[in-house]
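Residue numbers (full-length UniProt numbering): 1 to 104.
Following this line, the structure appears as structure tokens:
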């Protein structure tokens, strides 16, 4: 259901945008979006009756992840648009990575 909220024109997307904008204006991130459900994923080839055979993963709120992606996009657009990211910054940049950093 929440997947459709990410697309303009989808039912409920206008309400979602209004809510997200209000949260952003008030510097608010709902606490429930910070909660995770931890589940175990069985590792292949290991017995399922032993807890050590499972690796935990955390499932986060779809709305929280959508909000975070919107915040990241807005923040990146602002920082890059104002030239606030220096050329020496390689981590967390599109088409850049720390291994691609030239050696000193």
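C-beta atoms are modelled at their ideal positions from N, C-alpha and C, and glycine is treated no differently.
Comparing alpha-carbon positions, which option in the options lies nearest residue i?
i: residue 57; options: 70, 77, 36; result: 36
i: residue 21; options: 53, 52, 44, 67; result: 67
i: residue 25; options: 74, 11, 85, 79; result: 74
i: residue 31; options: 18, 60, 80; result: 60
Over what stretch of residues does the beta strand (DSSP E) that includes residue i continue unbroken?
i: residue 37; result: 36 to 42
Kindly indicate which three-state DSSP category residue i falls into: helix, strand or coil?
i: residue 55; result: strand
Sorted by chain position, which residues of the same chain lie with C-beta nearer than 7 Å to residue i's C-beta, five sequence neighbours on each side aside?
i: residue 41; result: 54, 55, 57
How is the alpha helix (DSSP H) around residue i delimited, first residue to last?
i: residue 64; result: 62 to 81
i: residue 15; result: 13 to 25
Who are the Cβ neighbours of residue i in its own chain at under 6 Å, not counting the five residues just before and after it?
i: residue 48; result: 42
i: residue 78; result: none
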